[in-house]
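**Q** Those protein sequence lines, which keep their order, are chains A and B.
Counting from 1, one number per residue, gives the positions in the first sequence under this note's numbering.
Counting from 114, one number per residue, gives the positions in the second sequence under this note's numbering.
All residues carry an ideal CB built from backbone N, CA and C; glycine is no exception.
Let me begin by handing over the structure; questions about it come next.
Protein chains: 2
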Amino acid sequence: MPATTRRDVFHGIADPTRRQILTLVAKEPLNLNTIAEHFEISRPAVSQHIKILAECDLVRIHQHGRERYCTPNAETLSRIAEWIEPFRKLWESRFSHLDDLLNALQTQTKSEP
Amino acid sequence: MPATTRRDVFHGIADPTRRQILTLVAKEPLNLNTIAEHFEISRPAVSQHIKILAECDLVRIHQHGRERYCTPNAETLSRIAEWIEPFRKLWESRFSHLDDLLNALQTQTKSEP
DNA sequence: CATTTGCGTAAGTAAATACTTACACATATA
DNA sequence: TATATGTGTAAGTATTTACTTACGCAAATG
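Quick look at the structure:
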């Protein structure tokens, strides 16, 4: 799976199960089977979700013997926060600092995520 | 459109075209046909995207004669930012809590026969 | 009035998604 | 060594997605 197959982070967090996995491993890194125990769906299904999260670089996998521990990569989530930031400013200061907002959005358009 | 049909906001921003629509109308509210002119895809396709955005409450539609203007609802995007916030904090404190966990894990691996 | 404009919606489709079960395989453990 | 454990992956499937074209209708315009 080369870098060209890297998935969209927004797609990564689109699934509710994947978001639950992220919050789960944020509290404590867990191996894949332990993660799967938290869900109703099958173990391979969870494994496939984690694979997608890893391809988005939303989690990192650390091998430990035959176990593979999953930890969140909060840096990637921070990039999503950056995309949202101008909208948050739009909401916070709807009637002021309009120029700053427009500049931020202008930049965002050119480097479309 | 009753509350029962409300869609997941994370699904709303999962599509790149929908994200472009959001940044577009954030700069200036536009009617639907004008929005569609910014994209290669057909007018009904854009219309369907905007319908989804409206169902997520990511945009609001204001009727003005026969035209329908689309404006972003930044409040909903702020809620996404709130979900991300704990991860952002995790990223900020990566040199304390998380690294300790990973180091402990690494040491454990190497020290075991 | 007749025509244009702005938009919704239906029907069809190819591709993607999210699952499932079955199996393979390496690493631990008895 | 034999078995249990942790995990990847393949194959199959039902559902969802993101589009398309075609059509209809109400508001504006001539």
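(1) Classify His64 (chain A) as helix, strand or coil using the three-state DSSP reduction.
(2) Within a Cβ cutoff of 6 Å, which residues of the same chain sit near Pro129 (chain B), ignoring the five residues on either side of it in sequence?
(3) Which residue's Cα is closest to the Cα of Leu135 (chain B): B:Gln176, B:His162, B:Glu205, B:His175?
(4) Nearest to Ala187 (chain B) by alpha carbon, out of B:Pro199, B:His175, B:Leu171?
(5) Roughly how many whole angstroms lie between the Cα atoms of Gly12 (chain A) and Arg18 (chain A)?
(6) Indicate the three-state DSSP secondary structure (helix, strand or coil) for Pro16 (chain A) in the structure shown.
(7) To the nearest angstrom, how far is the alpha carbon of Leu77 (chain A) from that of Lys140 (chain B)?
(8) From the DSSP output, in three-state form, read off Asn33 (chain A) for me.
(9) Output, in chain order, the set of chain B residues within a Cβ distance shorter than 8 Å of His11 (chain A).
(10) Just the Cα atoms here: how many angstroms apart are Glu198 (chain B) and Glu92 (chain A)?
(11) Run the CB neighbour count on Gln108 (chain A), radius 10 Å, all protein chains shown included, and call it buried at 16 or more, exposed below.
(12) Between Ala45 (chain A) and Pro185 (chain B), what straight-line distance do the alpha-carbon atoms span, to the nearest angstrom?
(13) Mind checking whether Ile35 (chain A) and Cys70 (chain A) have CB atoms under 8 Å apart?
(14) Establish whether the CB of Leu166 (chain B) and some CB of chain A are separated by less than 8 Å.
(15) Ala14 (chain A) and Ala127 (chain B): beta carbons closer than 8 Å?
**A** Let me lay it out:
(1) strand
(2) none
(3) B:His162
(4) B:Leu171
(5) 7 Å
(6) helix
(7) 24 Å
(8) helix
(9) Ala127
(10) 16 Å
(11) Residue placement at Gln108 (chain A) is flagged as unreliable, the pLDDT there being 49, under the threshold of 50; the coordinate-derived value follows with that caveat. Flag for Gln108 (chain A) reads buried.
(12) 35 Å
(13) yes
(14) no
(15) yes
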